[in-house]
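For reference, the structure discussed in these notes is given below.
There are 2 protein chains.
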Amino acid sequence: MLPTVVMQRAREEFLDWHGTGLSVMELGHRTPEFIGIAEQAEANLREILSIPDNFAVLFLQGGATSQFSMVPLNLTAPGDRVDALYTGLWSGKALKEAGRYCSVSVAASSEHNHFTAIPNTSDWQLSANARYVYFTDNETVHGMEFQQTPKTGEVPLVSDMTSNFLTRPIDFSAYGLIFAGAQKNLGPAGLTLVIVREDLLGNARQDIPRLYDYAFNAKERSMANTPPTFCWYMAGLVLQWIKQEGGIPVMEQRAIARSSKLYQLIDASEFFSNPVTTGSRSRMNIPFLLRDESLNNTFLKEAKSHGLVALAGHRSVGGMRASLYNAMPEAGVDCLAGFMADFERRYG
Amino acid sequence: MLPTVVMQRAREEFLDWHGTGLSVMELGHRTPEFIGIAEQAEANLREILSIPDNFAVLFLQGGATSQFSMVPLNLTAPGDRVDALYTGLWSGKALKEAGRYCSVSVAASSEHNHFTAIPNTSDWQLSANARYVYFTDNETVHGMEFQQTPKTGEVPLVSDMTSNFLTRPIDFSAYGLIFAGAQKNLGPAGLTLVIVREDLLGNARQDIPRLYDYAFNAKERSMANTPPTFCWYMAGLVLQWIKQEGGIPVMEQRAIARSSKLYQLIDASEFFSNPVTTGSRSRMNIPFLLRDESLNNTFLKEAKSHGLVALAGHRSVGGMRASLYNAMPEAGVDCLAGFMADFERRYG
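If you read the protein sequences in the order shown, they are chains B and G. Everything in the first sequence is counted per the numbering used here, starting at 1 for the first residue and increasing by one. Everything in the second sequence is counted per the numbering used here, starting at 1001 for the first residue and increasing by one.
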């Protein structure tokens, strides 16, 4: 979902961007027009997130999944150790891929509680010599989100923020690298953001595909080859919108308001339940179960007739899941909450 | 440049695709709606190009440049030999990258004639044991295009068709793999097509990023991770347009008509010149020089005031370059030809 005003603006200038007579899709990536779009997007991102000057911002292709390989191929040598927090489907995929390239030590896992609670910091078994500590800031499928920045001393954090990027402030002093696929809070699928501390660049393995080298992409200012220009432009419009709305503080307030409303309804209900412990709950993705699972299909069908779609949980966990990204208006949550309360009255 | 009717259609359904109330950008990639869009695009591509059933079609990210690595990482083992035809900037880049992974033998080169003629077939020094013969079907920067499918016996061809894809028929019996970045003739930047013979799959090197394995992408039907959905949709609209216009035969006739008009003007002129020999000339990209190079900036400035943009040659060769892709209407060529004739009258 993208903000309505962004979509309207994109539609207005779809055939003629700023009087050029061309669509953004038709602008060459090395034209002054597109370079202006690209630089403005980066400047707005840096301002919104207060990204320090010693971090490079890369606009890449490949999706977050590409980063599961790219991170270890750039930040480790064979045999190097990496710590990972295993808190759900996405961190699981990432650490499996990283394990092909370096020694991954699971410092903490939520597997024993079926991914319903982020392990207590005191139980983490961090290695002294880890290159970085990897975690998934928000687990989309399991609906868990880190509420604080993990503390790992001198060892830099690397985090997949695909599904909660731009919804809370980031303390860059703790991070070596952050990445995010665009398609949740930033723009259309096909663009991947990487924000990386510059002193970590330049150690990529020699044999990797050239486009998998962060330093090369940084040197070429993300234009080593033709970038996904239209996605980059759309991300720029979203960033402008966030800035105009009041930046990250406003996005965060709204995320808290939206998710609180739904958690309150679920916790007050005897019909719906959310399995995640209070301190680990995501503001973005709220999985919930119906007491009577045989009503799942009825729930989905009736929801659709109210214009409420994409509510089925991931196939690996079943049940339902509400996703409340930045573009979701409060009215959307109210509509869902109203429908759920009514459904419970009728079937509960 | 994209066809006007395609852009208008995309604009019409930009906010509401087929009554769903959602933009295509907002459709999840695993929804029946998007899977329908994706499958229709592939079906139309297969029909338009008569792609045999034993070829897989992949819709990937990363651009043609990513294929410079992906091809050798999938189709060779270390030490394997590959033949390459070196005919310009793009084949040069590709064979340099391939050389990092296997033994690349330059079977023929146009370097000695400054990339103005494709070497005679009789002069090619093909290896008996090459895994494949690599070539760039159309060299965008130097304006050279293969007029016939290279004959290499049992050794399969691998070709970068980024800049002339969908403008002429392809004899798949000679090919092992074809790839094309979308942004010339197929859709917006951010999508890369790979058409690969299925018996060549499954031999990727073990240590490559998982997303660089063709077999894995084929198995996952190009949805191993979130694909660039909007670009895929736009490509689908372009393919539908090509089909409605009459398919590849019509695209080819138009390409011949457009380019012939410009070559005739250049050859008849004493002011403009094209350095490429007749049998090697591209239908897509026509580089040309002004007799008096000090007029280059005047030419570009006056052209722009006639709405003729993107005419500067690549920085590596200088001069001018007209690009005449499928979406270019005949009126666009007429406008350019008229301006050039007038410019010669006034300055020649």
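Backbone N, C-alpha and C define an ideal beta-carbon position, used for all residues, glycine too.
Short Cβ contact (7 angstroms threshold) for residue i with residue j
{"i": "residue 1271 (chain G)", "j": "residue 1190 (chain G)", "result": "no"}
{"i": "residue 1326 (chain G)", "j": "residue 1251 (chain G)", "result": "yes"}
{"i": "residue 63 (chain B)", "j": "residue 1185 (chain G)", "result": "no"}
{"i": "residue 75 (chain B)", "j": "residue 208 (chain B)", "result": "no"}
{"i": "residue 1228 (chain G)", "j": "residue 1061 (chain G)", "result": "yes"}
{"i": "residue 255 (chain B)", "j": "residue 283 (chain B)", "result": "yes"}
{"i": "residue 1232 (chain G)", "j": "residue 1059 (chain G)", "result": "yes"}
{"i": "residue 287 (chain B)", "j": "residue 319 (chain B)", "result": "yes"}
{"i": "residue 1243 (chain G)", "j": "residue 1037 (chain G)", "result": "no"}
{"i": "residue 1044 (chain G)", "j": "residue 1239 (chain G)", "result": "yes"}
{"i": "residue 123 (chain B)", "j": "residue 108 (chain B)", "result": "yes"}
{"i": "residue 1297 (chain G)", "j": "residue 1321 (chain G)", "result": "no"}
{"i": "residue 1042 (chain G)", "j": "residue 1057 (chain G)", "result": "yes"}
Rounded separation between residue i and residue j - CA only
{"i": "residue 1127 (chain G)", "j": "residue 1080 (chain G)", "result": "11 angstroms"}
{"i": "residue 111 (chain B)", "j": "residue 1241 (chain G)", "result": "50 angstroms"}
{"i": "residue 1211 (chain G)", "j": "residue 267 (chain B)", "result": "41 angstroms"}
{"i": "residue 20 (chain B)", "j": "residue 202 (chain B)", "result": "39 angstroms"}
{"i": "residue 51 (chain B)", "j": "residue 1007 (chain G)", "result": "36 angstroms"}
{"i": "residue 1158 (chain G)", "j": "residue 1115 (chain G)", "result": "20 angstroms"}
{"i": "residue 96 (chain B)", "j": "residue 88 (chain B)", "result": "12 angstroms"}
{"i": "residue 311 (chain B)", "j": "residue 323 (chain B)", "result": "8 angstroms"}
{"i": "residue 299 (chain B)", "j": "residue 167 (chain B)", "result": "29 angstroms"}
{"i": "residue 1009 (chain G)", "j": "residue 1027 (chain G)", "result": "18 angstroms"}
{"i": "residue 16 (chain B)", "j": "residue 264 (chain B)", "result": "46 angstroms"}
{"i": "residue 1354 (chain G)", "j": "residue 1179 (chain G)", "result": "Nothing can be reported for residue 1354 (chain G): it is not among the residues displayed for chain G, which extend from 1001 to 1348."}
{"i": "residue 273 (chain B)", "j": "residue 1169 (chain G)", "result": "58 angstroms"}
{"i": "residue 199 (chain B)", "j": "residue 46 (chain B)", "result": "18 angstroms"}
{"i": "residue 213 (chain B)", "j": "residue 246 (chain B)", "result": "35 angstroms"}
{"i": "residue 1070 (chain G)", "j": "residue 176 (chain B)", "result": "28 angstroms"}
{"i": "residue 25 (chain B)", "j": "residue 1197 (chain G)", "result": "31 angstroms"}
{"i": "residue 156 (chain B)", "j": "residue 249 (chain B)", "result": "25 angstroms"}
{"i": "residue 331 (chain B)", "j": "residue 259 (chain B)", "result": "13 angstroms"}
{"i": "residue 23 (chain B)", "j": "residue 13 (chain B)", "result": "7 angstroms"}
{"i": "residue 125 (chain B)", "j": "residue 118 (chain B)", "result": "14 angstroms"}
{"i": "residue 104 (chain B)", "j": "residue 154 (chain B)", "result": "18 angstroms"}
{"i": "residue 341 (chain B)", "j": "residue 269 (chain B)", "result": "8 angstroms"}
{"i": "residue 1085 (chain G)", "j": "residue 1306 (chain G)", "result": "39 angstroms"}
{"i": "residue 1345 (chain G)", "j": "residue 1301 (chain G)", "result": "17 angstroms"}
{"i": "residue 1121 (chain G)", "j": "residue 1313 (chain G)", "result": "28 angstroms"}
{"i": "residue 1002 (chain G)", "j": "residue 1230 (chain G)", "result": "14 angstroms"}
{"i": "residue 303 (chain B)", "j": "residue 291 (chain B)", "result": "17 angstroms"}
{"i": "residue 237 (chain B)", "j": "residue 34 (chain B)", "result": "13 angstroms"}
For residue i, the residue or residues it bridges with in DSSP
{"i": "residue 145 (chain B)", "result": "B:138"}
{"i": "residue 83 (chain B)", "result": "B:105 and B:133"}
{"i": "residue 178 (chain B)", "result": "B:159 and B:195"}
{"i": "residue 1058 (chain G)", "result": "G:1194"}
{"i": "residue 1290 (chain G)", "result": "G:1272"}
{"i": "residue 1320 (chain G)", "result": "G:1288 and G:1312"}
{"i": "residue 1281 (chain G)", "result": "G:1144"}
Beta-carbon separation (whole angstroms), residue i vs residue j, contact threshold 8 angstroms
{"i": "residue 1145 (chain G)", "j": "residue 1030 (chain G)", "result": "Their Cβ separation, rounded to whole angstroms, is 39 angstroms, which puts residue 1145 (chain G) and residue 1030 (chain G) out of contact at 8 angstroms."}
{"i": "residue 1317 (chain G)", "j": "residue 1142 (chain G)", "result": "7 angstroms"}
{"i": "residue 171 (chain B)", "j": "residue 134 (chain B)", "result": "Not confirmed; about 17 angstroms, so no contact."}
{"i": "residue 1163 (chain G)", "j": "residue 1192 (chain G)", "result": "Between residue 1192 (chain G) and residue 1163 (chain G) the Cβ distance is about 13 angstroms, and since that is not below 8 angstroms, they are no contact."}
{"i": "residue 1187 (chain G)", "j": "residue 1235 (chain G)", "result": "4 angstroms"}
{"i": "residue 335 (chain B)", "j": "residue 295 (chain B)", "result": "Incorrect: roughly 19 angstroms between the Cβ atoms, too far for contact."}
{"i": "residue 174 (chain B)", "j": "residue 149 (chain B)", "result": "5 angstroms"}
{"i": "residue 1262 (chain G)", "j": "residue 1333 (chain G)", "result": "6 angstroms"}
{"i": "residue 1204 (chain G)", "j": "residue 1215 (chain G)", "result": "6 angstroms"}
Closer than 7 angstroms, Cβ to Cβ, to anything on chain B: give me those residues from the region 1171-1203 of chain G, in chain order. 1181, 1183, 1188, 1189 and 1190
Any C-beta of chain G within less than 9 angstroms: which residues of the region 130-142 of chain B qualify? none
Against chain B, which members of the region 1286-1307 of chain G pass a CB distance test of less than 9 angstroms? 1307
Could you name the residues of the region 224-239 of chain B whose beta carbon sits closer than 8 angstroms to any beta carbon of chain G, in the order they occur along the chain? 224, 225, 226, 227, 228, 229, 230, 231 and 234
Taking a Cβ distance cut-off of 9 angstroms, strictly less, list which residues of the region 1086-1118 of chain G are near chain B, in chain order. 1097, 1100 and 1101
Check each residue of the region 1323-1344 of chain G: if its Cβ is closer than 9 angstroms to any Cβ of chain C, include it; give the result in chain order. The question asks about chain C, but that chain is absent: this structure's protein chains are B and G.
For the region 1055-1077 of chain G, which residues have a CB atom closer than 8 angstroms to at least one CB atom of chain B, in sequence order? 1061, 1062, 1063, 1064, 1065, 1066, 1068, 1069, 1070 and 1073
Name, going along the chain, the residues of the region 24-38 of chain B whose beta-carbon falls closer than 8 angstroms to a beta-carbon of chain G. 25, 26, 28, 29 and 31
Residues of the region 1205-1217 of chain G whose Cβ lies closer than 9 angstroms to any Cβ of chain B, in chain order: 1206, 1207, 1208, 1209, 1210, 1211 and 1212
Of the residues that make up the region 1004-1021 of chain G, which ones have a beta carbon closer than 8 angstroms to any beta carbon in chain B? 1007, 1008, 1010, 1011, 1014, 1015 and 1021
Quick one, which residues of the region 1309-1320 of chain G are near chain B if we go by CB-CB under 9 angstroms, in chain order? 1309 and 1310
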